[in-house]
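Written out below as structure tokens is the structure these notes cover.
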Amino acid sequence: KTVMAFHQLYRNTTLGLTLQDSLDELVRDGLMNGEQALLVLKTFDQCINTALASRVKTRVSFKGGLSTYRFCDNVWTFVLKDCEFKEVSETVRVDKVKIVACEGKAAAKSGGQQQQQ
Numbered sequence: 005k006t007v008m009a010f011h012q013l014y015r016n017t018t019l020g021l022t023l024q025d026s027l028d029e030l031v032r033d034g035l036m037n038g039e040q041a042l043l044v045l046k047t048f049d050q051c052i053n054t055a056l057a058s059r060v061k062t063r064v065s066f067k068g069g070l071s072t073y074r075f076c077d078n079v080w081t082f083v084l085k086d087c088e089f090k091e092v093s094e095t096v097r098v099d100k101v102k103i104v105a106c107e108g109k110a111a112a113k114s115g116g117q118q119q120q121q
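Each residue of the sequence shown is one higher than the one before, starting from 5 at the first, in the working numbering.
Here it is in structure tokens:
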């Protein structure tokens, strides 16, 4: 059976956390086992990565003051203060934002190599 690797970053979004809470409840109530819950999370990882890569076409620009940054295990983490996000018709200002960035090609490469299980 071949397995493709996808980033798990989106598990920490509102949607991902809500999904995990629901899966935990199903496992706790005996309606699903841990393996099934993990399969759902892996499917979520694949679907959200694919959907964002292929369906999102809007460009957003942003600027802000760099508070901290870190590069570890091929992942950049930036914390910005007093940020302004601009889209074609809208501008949003926030006090603080954390950006986590991974190389998209790394996931594609590891996925493209397809590991055997």
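Every residue, glycine too, gets a C-beta built ideally from N, C-alpha and C.
- Nearest Cα to L84 within the set T72, D28, E29: T72.
- Each of C51, C76, D86, V60 was checked against the Cα of L70, and the nearest Cα belongs to D86.
- Going by beta carbons, K46 and F10 fall inside the 9 Å limit.
- In the DSSP assignment, the residues bridged to L70 are L84.
- Nearest Cα to N53 within the set N37, V98, V101, R15: R15.
- The beta-bridge partner set that DSSP reports for T95 consists of K90.
- A residue is called buried once 16 or more other Cβ atoms fall within 10 Å of its Cβ, and D99, having fewer, is exposed.
- As computed with DSSP, K102 is found in a beta bridge with V83.
- Rounded to whole angstroms, R97 and N37 show a C-alpha spacing of 43 Å.
- In this structure, the alpha-carbon of L43 lies about 39 Å from that of S93.
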